[in-house]
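**Student:** If you read the sequences in order, they're chains A and B. For the first sequence, the working numbering gives the first residue as 1, with consecutive numbering after it. For the second sequence, the working numbering gives the first residue as 1001, with consecutive numbering after it. The beta-carbon is built from N, C-alpha and C at its ideal position, and this holds for glycine as well. Remember, it's a predicted structure, so these values are computed and weren't measured experimentally.
Number of protein chains: 2
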Amino acid sequence: MTATREPRRGRPPGGAPRLTRVAIVDATLEVIDADGIDAVSMRSVAHSLGVDAKSLYNHVAGKDGLLDAVAEQILGSVRLPEPTGDVRGDLRAIGDAFRDGALAHPRAAPLVLTRRLTSLTALAPVEAVLGVLSTAGCPPRDAVPLLRGLVAALAGTLLREVRAGPARGAADAPGIARRQAVLERSGLPHVAEAAADLSRFDGDAEYAYALDLALDAVTARLGERRATGARRALSRE
Amino acid sequence: MTATREPRRGRPPGGAPRLTRVAIVDATLEVIDADGIDAVSMRSVAHSLGVDAKSLYNHVAGKDGLLDAVAEQILGSVRLPEPTGDVRGDLRAIGDAFRDGALAHPRAAPLVLTRRLTSLTALAPVEAVLGVLSTAGCPPRDAVPLLRGLVAALAGTLLREVRAGPARGAADAPGIARRQAVLERSGLPHVAEAAADLSRFDGDAEYAYALDLALDAVTARLGERRATGARRALSRE
DNA sequence: ACCTGAACACCGTTCAAGT
DNA sequence: ACCTGAACACCGTTCAAGT
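Structure, rendered in structure tokens:
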């Protein structure tokens, strides 16, 4: 009769591949990619790592800290472009990089877009935008509201895009037809008239349009600022 | 010896004030106002109504349906302004009404801004914006992207504002000083230089600025469209 | 230093049984 | 028509006990 194996307790023997913070974050990202944010639990993540849920607390500040860490890892994966000196092009490139990062994990993107992040990696995109605006001759006092307006517009569109889910483009013809029919029967005249356009959604095109809209506004303000500055300089003579 | 009272089962006697859908939503809103969205549970809401959690299922489609109902009640409380014919002013008034509605329950606002709502009440603001754009001579095809860009910018700023919490304005001087110090030590030159501006946040001013930015872009597009249309009409002669 | 057993105080939700 | 008891399968988190 062999001795029954006692359930293991304490750290497993051997210099085995230890549980690590990034491994936990990666596993969480896999859970989210597969089943969405709501499927994340300390237990589900731990299970996918073959470990007990309570072990995660040695590497992560609870579930909330874990989700923050996921958001920060995504943010940290954004490859910000080198500035070229073309204000509009540079700002657009930053936006594109941000969008690419978000769309790499669409179901996790709301974490990046809605959680308040305080770490240093969260500041890199801010630094990039301020750098471009500074090169354009914009002092911080004026740059910060422009930055915030730009980020708000970008976050707003991306949030809409990832929320729309993978039912993007003209691929989902029956879904479009169904939505259109509902809108036409809404009893709201303008909604009914625009039903065909409201029921469609093309992520790439919507993003490009919304960013263009925001960049129009920002570059217009930069132009104004310069003009005002010039006028002031002139009147000082 | 008195008979011990059996725990009640089944509907309580008398034509008592029955549990109702709006009562449940109101109670949920009170929980959110007091303790935030995370404090909402079927049990906590039911408890505040002196009822069992399972009773809520007779009036609401689970917790998710309950949170949708909260978002829709807030959206339904938005008093949309009568259009005056001034495009920019009318769009701004719609934005203001939306913001007022959101700020009436700041902690619940993320529900309105991030959940995908499908009901008819969610379409009222859409109808309002499309109406204004239509009066301005903008056909649905062009109006829908403008609508979406505008909504994205609005949602983005409001989300930022409600997330910033009640630590708004210059009221929270020590908080501002602390944030500023962190930014100055970030090692990011432009962030450090803009630390004073980045650490401050004035909800009213940020909203006004961001909406102005978006309205600039929208009205510019409307102007272009008209000019293009005029040019087309001209070349057709 | 790091992992788990035991334990606690919670969750959302179904369904039949009651009135 | 509407409410609850019993029940199920979950949660996040603490802390001491182990290696």
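1) Could you run through the stretch 1118-1144 of chain B and flag, in chain order, every residue whose CB is less than 7 Å away from some CB of chain A?
2) Where are the beta strand (DSSP E) runs, 3 residues long or more, that stay fully inside the stretch 1031-1073 of chain B, in chain order?
3) Expressed to the nearest angstrom, what Euclidean distance is found between the alpha-carbon atoms of B/V1060 and B/D1038?
4) Please list the partners that B/H1190 has in chain A, where partner means a Cβ-to-Cβ separation under 7 Å.
5) Following the continuous alpha helix (DSSP H) through A/H190, name the residue where it begins and the one where it ends.
6) Rounded to whole angstroms, how far is the Cβ of A/A128 from the Cβ of A/I74, which I believe are closer than 8 Å?
7) Which first and last residues belong to the alpha helix (DSSP H) in which B/P1106 is found?
8) Between B/G1101 and B/S1119, is the Cβ-Cβ spacing less than 8 Å?
9) Measure the Cβ-Cβ separation of B/E1030 and B/S1048 and say whether it is below 8 Å.
10) Measuring alpha carbon to alpha carbon, tell me which residue in B/A1143, B/C1138 and B/L1111 is nearest B/L1158.
11) What separation, rounded to the nearest whole angstrom, lies between the Cα atoms of B/A1194 and B/R1099?
12) Assuming A/S44 contacts B/L1123 under a Cβ cut-off of 8 Å, what Cβ separation, rounded to an integer in Å, is found between them?
13) I want to see whether chain A comes within less than 8 Å of B/A1214, judged by CB atoms only; does it?
14) Taking three-plus beta-carbon pairs below 8 Å as touching, is the stretch 130-144 of chain A in contact with the stretch 1130-1139 of chain B?
15) Beta-carbon separation of B/V1162 and B/A1109 under 8 Å?
16) To the nearest angstrom, how far is it from the Cα of A/G85 to the Cα of A/L213?
17) In the DSSP assignment, the alpha helix (DSSP H) including B/V1144 goes from what residue to what residue?
18) Below 8 Å on the Cβ atoms is my contact criterion, and I expect A/G149 with B/Y1209 to pass it. Report the Cβ-Cβ distance as a whole number of Å.
19) Please determine, among A/I176, A/G36, A/D90 and A/V182, the residue with the shortest C-alpha to C-alpha distance to A/L211.
20) Indicate the three-state DSSP secondary structure (helix, strand or coil) for B/V1025 in the structure shown.
21) Who are the Cβ neighbours of A/D142 in its own chain at under 7 Å, not counting the five residues just before and after it?
22) Do we get a CB-CB distance below 8 Å when we pair B/D1100 with the residues of chain A?
23) CA-CA distance, B/G1175 and B/D1197?
24) In chain B, what lies closer than 9 Å to A/L159 by C-beta?
25) Distance check for B/L1117 and A/T28, CA to CA, integer angstroms please.
26) Roughly how far, in whole angstroms, is the beta-carbon of A/L215 from the beta-carbon of A/R88, given that I think they are within contact range, below 8 Å?
27) According to DSSP, simplified to helix, strand and coil, what is A/A196?
28) Since A/G149 meets chain B, which of its residues come closer than 7 Å, beta carbon to beta carbon?
29) Quick one: give me the first and last residue of the alpha helix (DSSP H) that B/V1078 is part of.
30) What residue range does the alpha helix (DSSP H) around B/T1083 cover?
31) DSSP on B/G1175, reduced to helix/strand/coil?
**Tutor:** Considering the structure as presented:
1) L1120, L1123, V1126, E1127, L1130, G1131, S1134, P1140, R1141, A1143 and V1144
2) none
3) 18 Å
4) E127, L130, G131 and S134
5) P189 to E193
6) Between A/I74 and A/A128 the Cβ distance is about 16 Å, and since that is not below 8 Å, they are no contact.
7) Run containing B/P1106: none; DSSP gives neither H nor E here.
8) no
9) yes
10) B/L1111
11) 28 Å
12) Between B/L1123 and A/S44 the Cβ distance is about 37 Å, and since that is not below 8 Å, they are no contact.
13) yes
14) no
15) yes
16) 20 Å
17) P1140 to A1164
18) 6 Å
19) A/D90
20) helix
21) R225
22) no
23) 13 Å
24) L1113, T1114, A1152, A1155, G1156 and L1159
25) 27 Å
26) 6 Å
27) helix
28) Y1209, A1210 and L1213
29) Element bounds for B/V1078: n/a, residue is neither H nor E.
30) The question names Thr, yet the displayed sequence has Pro at residue 1083 of chain B. Per DSSP, B/P1083 belongs to no alpha helix (DSSP H) and is neither H nor E.
31) helix
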